[in-house]
Structure formats: structure tokens, C-alpha cells
Amino acid sequence: MGAGRAAGGRLLTDHPHTATIDLTDPEQWEGALIDALLSHPATHRLHTLELHLTDYHHSAEHAAISLAGRQHPRLERMYFGYGFEYLFEDSEESTGNRINPLDFHRKGLVQADMWDSLPALRTLELEGAFLFHIVNHDGLTRLRARGSVISDGSVFDLGWTSGLVSLEVEIGSDVFGVSCALEQLDELKAPQYPNLRNLDLSKAEFDATSFEVFSALADSPVLPQLETLSIRDLTIGQEDCEGEPLAVLAELAPRFAHLALHVDDVIDIEGADDEEVDRVLSRFGPRRVHATGNQDDD
Numbered sequence: 034m035g036a037g038r039a040a041g042g043r044l045l046t047d048h049p050h051t052a053t054i055d056l057t058d059p060e061q062w063e064g065a066l067i068d069a070l071l072s073h074p075a076t077h078r079l080h081t082l083e084l085h086l087t088d089y090h091h092s093a094e095h096a097a098i099s100l101a102g103r104q105h106p107r108l109e110r111m112y113f114g115y116g117f118e119y120l121f122e123d124s125e126e127s128t129g130n131r132i133n134p135l136d137f138h139r140k141g142l143v144q145a146d147m148w149d150s151l152p153a154l155r156t157l158e159l160e161g162a163f164l165f166h167i168v169n170h171d172g173l174t175r176l177r178a179r180g181s182v183i184s185d186g187s188v189f190d191l192g193w194t195s196g197l198v199s200l201e202v203e204i205g206s207d208v209f210g211v212s213c214a215l216e217q218l219d220e221l222k223a224p225q226y227p228n229l230r231n232l233d234l235s236k237a238e239f240d241a242t243s244f245e246v247f248s249a250l251a252d253s254p255v256l257p258q259l260e261t262l263s264i265r266d267l268t269i270g271q272e273d274c275e276g277e278p279l280a281v282l283a284e285l286a287p288r289f290a291h292l293a294l295h296v297d298d299v300i301d302i303e304g305a306d307d308e309e310v311d312r313v314l315s316r317f318g319p320r321r322v323h324a325t326g327n328q329d330d331d
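For the sequence shown, the numbering used here gives the first residue as 34, with consecutive numbering after it.
Right, dumping it as C-alpha cells:
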């Protein structure tokens, strides 16, 4: 402990941003080390940065303050967040105590606005819950979000990212066994995503049937502008729809004819054999429908 405090004192002397850090609290040392790293002149030349946080209830904000404190003109790729198995589960701090992510719902872990300091940022990966109030960066072209990274719990209403070309969202059942609400897809609005061409939902689990997800995407205002769409699976049973499942799929198929559809798991249309399904899938335009689970049809 004494050696740690001595090292912390040197950090306070050498890096003024750490003046906001209580170095008598071991859970804040991670923030001090991040500040020391990002205050070094060599970080001016960074192209890639990965910040995998442990004591994120402190260090997420300290990291953002450090990033906001100086320009990073070459930083093109960044990971920011913390890992988890189930969304909203408690995390273990470096001291063995626990962090409850739900304590930061609507508060947000990060208050500092760091986006203007990252003019070259093009690829961003965010992981965790309630990290930011908003992602404000029109230069981003690729964004991967795992969890509900916006403070109000939004999954697709991420902020101002009008330059985004590719969006990948990964969200599964949370620690309470609850999946992402299907209504979250309503936040995929064309004015907010005018340049979106690639949407990857292959690792997104919704509180709805596969058919309900597919139908919601068929009505999505961003669908006409997409070039690729990835989904978990495509299953339509008799109980899912009015009419024959194959006829329902055939009715929806023309809306997807302009894009490449990737199905991560299985395609299963009740009452239809593989040949009949293949004929309908051929209406998805000249590109291929991929089903890695059981099918890969031209």
C-alpha cells in the first residue's frame, strides 16, 4: 500500500489531470494509470487504443477526461468499455468489491465530452452498460456496440453518427433473463443513419419471434439503403403468421431484393421443403442468401 501511494504521489505531480483522483482509494489507481498513459507525448502518434476497464465506475470518466484533454489526431480505432457475461450483472472491482451497473442508469458512467479530441476516429467498439449519454462523432464509419451502451438504455438511438456505414449490435438476455425489446428497432431511423449500408444483428436477441424481427426489419425505414443485413435466424411457423409461412416469406422477399442477407443460424419455414424455400430465397436479388447453420444458397 505504501509503495502504491508513493507511486500515486508521483502521478499527481507529473500528470495534473490526476488531481481529481483520490489515490488513497485503490479502485481509482486504474484511472490514474490511464491518465499517465494518455498524457504521455507518444500517445499523439497512436492509431489504435483499447481501454478494457476493471474499476470502470471511476476509470471510465477519468479515461474520457484524459482523452478530452488533448487532441489525438491519428487515432483511428478505439475500444472503450468493460467485459461481461450477462448484461447488468455485477462486476468485480480490483479490490474484490462489486459494481452494480444499474446504479448508472440514466446517470451515465462518462460525463466528459471526448469526441472532438478524436477527429480521425473511424472505428469504435463500445462494450458495457450506460457508458455515455450520447456518441457524437460524424466521422465514424464503423461502430460495434455490445450491451446497452447509452445511459437511458437505448440500443440503436446512439446519438449523432451520420457518417456511419456499418453498425453491429450485440445484445443477449440480461442477468434477469430479459431480451432486447423489439421496439428498440424503431430507433433505426433514416435521418439519423443516412449513410448506413451494413447492419449486423446476428448476435442480437430480441423478445420476439424470428418472424416478428424479420417483419419489423421489412418495415424499417433504413432497409432500402442497406447493402448487407445479418440476422440470427429465419424461422416461420404456422403459429407465427396468418396464412401459409412460405407465402408470407414470399410476400416479404421483394423488400430485401436489393441487399445481401446473411442468416447466422438456420432457415426453417414450416410446411415447405428445401427446394420451395430456395425458390423464394432466390427473390432476394442477385446476391447470395447465407445461412451458416444449414444452408448457403446461390
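Glycine included, each C-beta is placed from N, C-alpha and C at the ideal position.
By alpha-carbon distance to L82, the top candidate from D136, A69, E109 is E109. With a threshold of 16 other beta carbon atoms within 10 Å, Q217 meets it and is buried. Cβ neighbours of V208 within its own chain (closer than 6 Å, five residues either side excluded): Y119, F121, E122. Taking all protein chains shown into account, A214 has fewer than 16 neighbouring C-beta atoms within 10 Å of its C-beta and is therefore exposed.
Taking all protein chains shown into account, L294 has 16 or more neighbouring C-beta atoms within 10 Å of its C-beta and is therefore buried. Excluding residues up to 5 positions away in sequence, I269, P278, L279, L282, V310 lie with their Cβ nearer than 7 Å to the Cβ of I302 in the same chain.
Its Cα nearest to that of E238, the residue G180 stands out among V198, R230, I54, G180. DSSP places E160 in the uninterrupted beta strand (DSSP E) bounded by 156-160. With a cutoff of 7 Å on beta-carbon distance, L142 and L164 are scored as near each other. Annotation for R230: V198, S199, Q258, L259, E260, T261 place their beta carbon closer than 8 Å to its own, counting only its chain and skipping 5 residues before and after.
Runs of the beta strand (DSSP E) spanning 3 or more residues and lying entirely within the region 209-294 occur at 231-237, 261-264, 267-269, in chain order.
When the Cα atoms are used, I183 and A162 turn out to be separated by approximately 7 Å. Taking the Cβ atoms as the reference, A65 lies roughly 5 Å from I54, within the contact range of under 8 Å.
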